[in-house]
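Chains as they are written, first to last, in my numbering: chain L, 1 to 372; chain A, 1 to 372.
Virtual Cβ for every residue (Gly too), placed ideally from N, Cα, C.
These numbers come from a predicted model, not from an experiment.
First the structure, in the form of structure tokens, and then the observations on it.
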């Protein structure tokens with residue numbers, strides 16, 4: 001099901017907007033009060049291009065909350081559950097943010113640009129409000145703003161060849177979540193080994209919004225020999241890969257442990273952060289729900305447009321937060337939030353638009369990178 | 001210009017979603033991470049129904065941030081620039097929220113439900129993050145959550161007849177922004193004299209999301225004799241009426257005085273609130289920009305899909321934040337943010353998609369309620 005999305009100034013346009021229109025974008029969603037392309041009219045082709053080749057995505061909706069000033073490191077440490085002091089400059093960290101009850105507020109990538117300059121590269125919520133609120137309450141001397149920074153992702157196995165053609169071979173060896181401040185021609189960018197797929201790739205953070213067209217064209221041209229084409233964050237691939245979609249998978253009020261992000265939370269370090277006490281308690285008690293995979297039986301189902309309820313017998317035990325047909329597994333798969341008292345080998349039933357279906361639990365991810 | 005908006009679980013559905021689909025909704029936008037109907041395929045008819053008759057709107061995207069607990073009054077006073085102590089229970093107040101630099105964060109209606117229970121009925125930003133951040137920083141004992149509350153608006157001159165048919169004649173005399181907790185049949189609601197138009201009306205805050213269809217049908221049936229029909233917050237009417245659209249009219253980082261909300265900020269009271277110091281200084285210095293009206297010359301222009309730059313001679317002096325064709329005035333009108341050093345009688349020029357047009361400043365609003 002889809003509807004018209006009228007274009008207006010409230011939902012801001014990306015610096016790549018004219019290019020995505022020229023490429024024939026067919027649908028947008030909104031994310032962080034901006035328009036994000038979601039497809040170009042060929043869902044299957046776009047999926048396989050990501051799995052087998054290389055795809056370029058306008059993900060400028062991944063806005064940066066920039067924290068600078070004398071207390072920048074202190075505020076950042078209050079917000080993120082990682083040891084900020086120990087992160088090297090030029091290194092990123094996946095950083096699930098929680099409030100004082102351990103509830104997930106966003107799952108940004110933290111980029112440490114300098115000892116007193118940090119970016120939180122956001123999923124879909126207004127973390128600038130959270131950061132400003134905490135800073136105000138603590139009376140910290142920081143500046144919290146949104147810099148003119150807009151990521152363009154190149155994702156897929158051939159993204160390494162494309163990145164090397166643009167930046168040079170050194171970029172092939174950049175470790176995951178590491179980044180470099182550099183320039184393409186004279187366009188200032190940050191290039192990071194990152195992206196919201198499991199097919200490998202880079203995000204090129206454009207630091208001058210007036211140069212969106214130039215950057216798009218450079219990437220497109222460099223990618224031509226490798227069959228690059230326009231795409232977007234891919235719901236099917238992210239489900240197969242078990243990636244978290246903040247909002248889709250976390251509403252309402254999931255905590256960091258329920259959605260399986262414990263490996264990104266450092267409860268052992270000396271530094272304190274918002275939610276540390278609550279999360280320590282939740283870890284001791286065990287989370288109430290688990291984020292897990294379900295195989296759903298029967299013929300191909302449409303991509304879920306809603307959360308689908310999950311039952312064992314007559315008891316509602318959770319929801320599928322997303323369900324898709326997997327082209328690689330050729331079966332219906334879902335990511336689910338399930339009551340932790342439910343046995344993993346229970347006989348699950350899912351209420352889908354095509355009726356009630358039987359389902360079986362499995363671990364995430366469903367697929368490894370590539371065709372395998 | 002419009003595109004497809006695919007439906008998924010990240011953009012939540014309203015309790016009235018099935019009813020809006022049944023009514024033939026054609027377009028949605030997203031607002032507070034939810035789907036909001038924007039039109040039903042007859043923009044002109046929907047406009048005149050609002051001006052002359054009565055229209056019903058799914059505005060459940062106006063989410064409530066509920067503040068309860070021992071420190072609820074204290075936190076609310078920190079957040080809003082009104083004297084919270086002096087607001088009667090059952091009274092609402094338009095409450096522009098600002099940060100410590102006076103930048104507008106949202107322009108909710110504050111509803112005082114009890115001495116220790118408040119709702120901020122939001123425009124489009126995640127004020128729950130701001131409120132939780134400030135509360136955390138100050139160590140306040142509050143609960144900040146989103147209750148199951150979804151407004152349905154009835155707007156237009158005949159909305160008084162419809163509301164009286166539902167609630168009884170007493171509702172005709174409810175003062176502006178006052179509200180009552182009551183029930184329709186057994187459906188718990190808050191009915192408030194409010195709404196995002198200047199044509200008069202009410203917002204019925206549904207307090208049980210499972211009863212959306214029932215409430216929709218009750219309102220629709222009660223409105224039948226008065227020609228009620230589905231509609232949505234109306235960009236043309238709001239521009240004619242000079243209503244502020246947070247985001248559209250305020251990006252980036254407008255302060256409360258620049259967008260003309262000084263009458264809703266109490267700088268004289270003893271109570272402190274975030275931004276009081278900055279706003280006191282801004283008032284003394286005079287705001288850097290003014291929110292004002294422009295008549296744009298020439299033939300009918302399309303509704304603006306972007307901010308249009310405004311010039312005097314070769315100098316860029318501001319932007320039109322919204323521009324529409326006014327059916328009542330039969331001319332092109334715009335709301336603009338203009339550099340305050342610019343004389344009101346300057347020869348303005350606006351860069352529109354139809355070329356450069358001459359423009360003249362005028363005061364807001366453009367129109368009074370009704371046909372006049």
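Residue nearest to residue i in terms of C-alpha spacing, selected from the options
i	options	result
residue 72(A)	126(A), 132(A) and 63(A)	132(A)
residue 327(L)	346(L), 315(L) and 303(L)	303(L)
residue 371(L)	288(L), 52(L), 124(L) and 139(L)	52(L)
residue 324(A)	341(A), 296(A), 369(A) and 280(A)	296(A)
residue 185(A)	219(A), 367(A), 171(A) and 194(A)	219(A)
residue 50(A)	90(A), 226(A) and 20(A)	226(A)
residue 366(L)	332(L), 340(L) and 355(L)	332(L)
residue 379(L)	8(L), 103(L) and 26(L)	Here chain L covers residues 1 to 372 and nothing more, so residue 379(L) does not appear.
residue 343(L)	142(L), 125(L) and 317(L)	317(L)
residue 2(L)	18(L), 127(L) and 28(L)	28(L)
residue 25(L)	128(A), 5(A), 138(A) and 55(A)	5(A)
residue 258(A)	283(A), 266(A), 205(A) and 236(A)	283(A)
residue 330(L)	299(L), 174(L) and 311(L)	299(L)
residue 364(L)	213(L), 68(L), 336(L) and 230(L)	336(L)
residue 95(L)	260(L), 167(L), 314(L) and 213(L)	260(L)
residue 67(A)	22(A), 17(A), 127(A) and 23(A)	127(A)
residue 153(A)	124(A), 134(A) and 189(A)	189(A)
residue 374(L)	311(L), 293(L) and 38(L)	Past the edges of chain L, shown from 1 to 372, lies residue 374(L), and the structure says nothing about it.
residue 346(L)	248(L), 369(L), 69(L) and 310(L)	310(L)
residue 159(A)	93(A), 213(A), 224(A) and 129(A)	224(A)
residue 362(A)	350(A), 93(A) and 334(A)	334(A)
residue 269(A)	85(A), 167(A), 194(A) and 99(A)	85(A)
residue 155(A)	97(A), 230(A) and 70(A)	230(A)
Where residue i falls, given that 16 or more other Cβ within 10 Å makes a residue buried
i	result
residue 222(A)	buried
residue 30(A)	buried
residue 216(A)	buried
residue 352(L)	buried
residue 179(A)	buried
residue 169(A)	exposed
residue 74(L)	buried
residue 341(L)	exposed
residue 176(L)	exposed
residue 373(L)	A question about residue 373(L) goes unanswered here, because the residues of chain L that appear run from 1 up to 372.
residue 315(L)	exposed
residue 355(A)	exposed
residue 88(A)	exposed
residue 183(L)	exposed
residue 173(L)	exposed
residue 368(A)	exposed
Distance cut-off 7 Å: residue i Cβ against heavy atoms of the ligand MG
i	result
residue 239(L)	Looking for the ligand MG in the displayed structure turns up nothing, as the structure carries no ligands at all.
The stretch 7–24 of chain A: which residues have C-beta closer than 9 Å to a C-beta of chain L, in chain order? 7, 8, 9, 10, 11, 12, 13 and 21
Threshold first: 3 residues or longer. Then list the beta strand (DSSP E) segments lying entirely within the stretch 175–258 of chain L, N to C. 179–184, 187–192, 201–206 and 229–231
Inspect the CB distances between the stretch 108–119 of chain L and the stretch 38–45 of chain L and report whether three or more fall short of 8 Å. no
Tell me, please, whether the stretch 72–92 of chain L touches the stretch 259–276 of chain L by the rule of three or more beta-carbon pairs shorter than 8 Å. yes
So if I threshold CB-CB distances at 8 Å, which residues from the stretch 94–105 of chain A count as touching chain L? 99, 100 and 105
Residue ranges of each alpha helix (DSSP H) run of no fewer than 4 residues wholly in the stretch 20–62 of chain L, ordered along the chain? 43–52
Taking one C-beta from the stretch 58–77 of chain L and one from the stretch 156–164 of chain L each time, how about it: are there three or more such pairs within less than 8 Å? With contact defined as three or more Cβ pairs closer than 8 Å, the stretch 58–77 of chain L and the stretch 156–164 of chain L are not in contact.
Answer yes if the stretch 201–220 of chain A comes into contact with the stretch 137–155 of chain A, meaning at least three C-beta pairs across the two stretches below 8 Å, and no otherwise. yes
Quick one: any contact between the stretch 231–245 of chain A and the stretch 186–206 of chain A, if contact means 3 or more CB pairs under 8 Å? yes
Give the list of continuous alpha helix (DSSP H) stretches no shorter than 4 residues that lie fully inside the stretch 61–100 of chain L. 72–79
Would you check if there are 3 or more beta carbon pairs closer than 8 Å linking the stretch 251–258 of chain A to the stretch 281–290 of chain A? yes
May I have a chain-ordered list of the alpha helix (DSSP H) segments no shorter than 4 residues that lie completely inside the stretch 264–322 of chain A? Within the stretch 264–322 of chain A, the complete alpha helix (DSSP H) runs of at least 4 residues are 276–285.
Pair every Cβ in the stretch 105–113 of chain A with every Cβ in the stretch 100–114 of chain L, then say whether three or more of these pairs are closer than 8 Å. Judged by Cβ distances under 8 Å, the stretch 105–113 of chain A makes no contact with the stretch 100–114 of chain L, as fewer than three pairs qualify.
The stretch 243–268 of chain L: positions lying closer than 9 Å to chain A by Cβ: Against chain A - using a Cβ distance shorter than 9 Å - the residues of the stretch 243–268 of chain L are 245, 246, 247, 248, 249, 251, 252 and 253.
Within 8 Å of chain A by C-beta, residues of the stretch 110–133 of chain L in sequence order: 124, 125, 126, 127, 129, 130, 131, 132 and 133
Residues in the stretch 27–45 of chain L having any Cβ partner in chain A nearer than 7 Å: The residues in question are 27, 28, 29, 30, 33 and 38.
Where are the beta strand (DSSP E) runs, 3 residues long or more, that stay fully inside the stretch 131–155 of chain A, in chain order? List check, beta strand (DSSP E) in window: 143–145 and 150–155.
Are the stretch 4–19 of chain L and the stretch 303–313 of chain A touching, with three or more C-beta to C-beta distances below 8 Å? Taking 8 Å as the limit for Cβ pairs, the verdict is that the stretch 303–313 of chain A does touch the stretch 4–19 of chain L.
Output, in sequence order along the chain, the residues in the stretch 269–302 of chain A whose CB is closer than 9 Å to any CB in chain L. 274
At a Cβ cut of 8 Å, what residues of the stretch 341–369 of chain A count as close to chain L, listed as they run along the chain? none
Could you tell me which whole beta strand (DSSP E) segments of length 3 or greater appear in the stretch 320–354 of chain L? The qualifying runs are 331–339 and 348–352.
Relative to chain L, which residues along the stretch 303–335 of chain A have a C-beta separation below 8 Å, given in chain order? 303, 304, 305, 306, 307, 321 and 322
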